[in-house]
Amino acid sequence: MKNLKLNSGWSYCSEQILQFENNLNKTDFLEIIEFGAGDSSIKIYDYFCQKYKNIVYTCYENDNRWMFKHDKIKLILYDFVENVNLENKKYDLILVDGPTGVSRKFWYKKIKNIVKSGSILHIDDYDHYQEFEQELKNNLIYKELYRQSRSKVGEKSWLTVEII
Numbered sequence: 001m002k003n004l005k006l007n008s009g010w011s012y013c014s015e016q017i018l019q020f021e022n023n024l025n026k027t028d029f030l031e032i033i034e035f036g037a038g039d040s041s042i043k044i045y046d047y048f049c050q051k052y053k054n055i056v057y058t059c060y061e062n063d064n065r066w067m068f069k070h071d072k073i074k075l076i077l078y079d080f081v082e083n084v085n086l087e088n089k090k091y092d093l094i095l096v097d098g099p100t101g102v103s104r105k106f107w108y109k110k111i112k113n114i115v116k117s118g119s120i121l122h123i124d125d126y127d128h129y130q131e132f133e134q135e136l137k138n139n140l141i142y143k144e145l146y147r148q149s150r151s152k153v154g155e156k157s158w159l160t161v162e163i164i
């Protein structure tokens, strides 16, 4: 089994992915949607290909600098979160890592329509803005699985929840 190696920095760290992976359903099929694309999207896809026979991976990105080409990842460029209409399907894993800034809070209202009981929602840098967690609480019913807070500037933070 190949190890997952992520650079971190602005990207996810390997610990995050390995932590929420333990809460995913153990089937052959995995549907992932990610808000905020980049190099880590490809690495996460490749990593999960070792564990699942079929993966559907969709990324939404608003910044051309993070766009990439990949035959198996559907990448959608958008202008503003409020203008995005998500496909009417349910996802096993939702990754929230963009856009930069407080407008990330608008995803939670849209996510209500694409989750199911058991969906795992992972929020990178959940504590950058108070609104991130407040909008999560306002829009979704969940149980908290893991919270990594910062003890100093530069450390990673994330919140992983399971939709009830």
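Using this note's numbering, you'd call the opening residue of the sequence shown number 1 and step up by one each time. The beta-carbon is built from N, C-alpha and C at its ideal position, and this holds for glycine as well. All values reported here derive from a predicted model rather than from experimental measurement.
>> Suppose the cutoff is 6 Å on Cβ atoms and the five residues either side in sequence are ignored; what does the same chain contact list for His122 look like?
In response: Phe20, Leu95 and Thr160
> So what does DSSP say about Phe29, is it helix, strand or coil?
Replying inline: strand
>> Between the alpha carbons of Asn54 and Ile111, how many angstroms are there, rounded?
In response: 22 Å
> Below 8 Å, can you find three or more Cβ-Cβ pairs linking the region 61-81 to the region 32-45?
Replying inline: yes
>> What I want to know is whether the C-beta of His122 ends up closer than 7 Å to one or more non-hydrogen atoms of the ligand FAD.
In response: Inclusion of the ligand FAD in the displayed structure is not the case, the ligand content being empty and no account of it being possible.
> Which residue or residues does DSSP assign as beta-bridge partners of Lys69?
Replying inline: Paired residue(s): none; Lys69 is not in a bridge.
>> Please report the straight-line C-alpha distance between Lys109 and Asn139, rounded to a whole angstrom.
In response: 6 Å
> Thinking C-beta only, is Pro99 closer than 8 Å to Val115?
Replying inline: no
> Considering only C-alpha positions, which residue in the set Glu135, Phe48, Asp125 and Ile164 is nearest to Arg147?
Replying inline: Asp125
> Comparing alpha-carbon positions, which option in Asn83, Val84, Ser119 and Tyr129 lies nearest Asp105?
Replying inline: As written in the sequence, residue 105 is Lys, which differs from the Asp given in the question. Nearest option by C-alpha distance: Tyr129.
> Can you tell me the Cα-Cα spacing of Glu133 and Asn83, whole angstroms?
Replying inline: 21 Å
> In the region 80-115, which residue ranges form an unbroken beta strand (DSSP E) of at least 3 residues, counting only runs that do not cross its ends?
Replying inline: 93-96
>> With H, G and I counted as helix, E and B as strand and the rest as coil, what does DSSP make of Ile44?
In response: helix
> Terminal residues of the continuous beta strand (DSSP E) containing Lys143?
Replying inline: Tyr142 to Gln148
> What residues match up with Lys74 in a beta bridge as DSSP calls it?
Replying inline: Thr58
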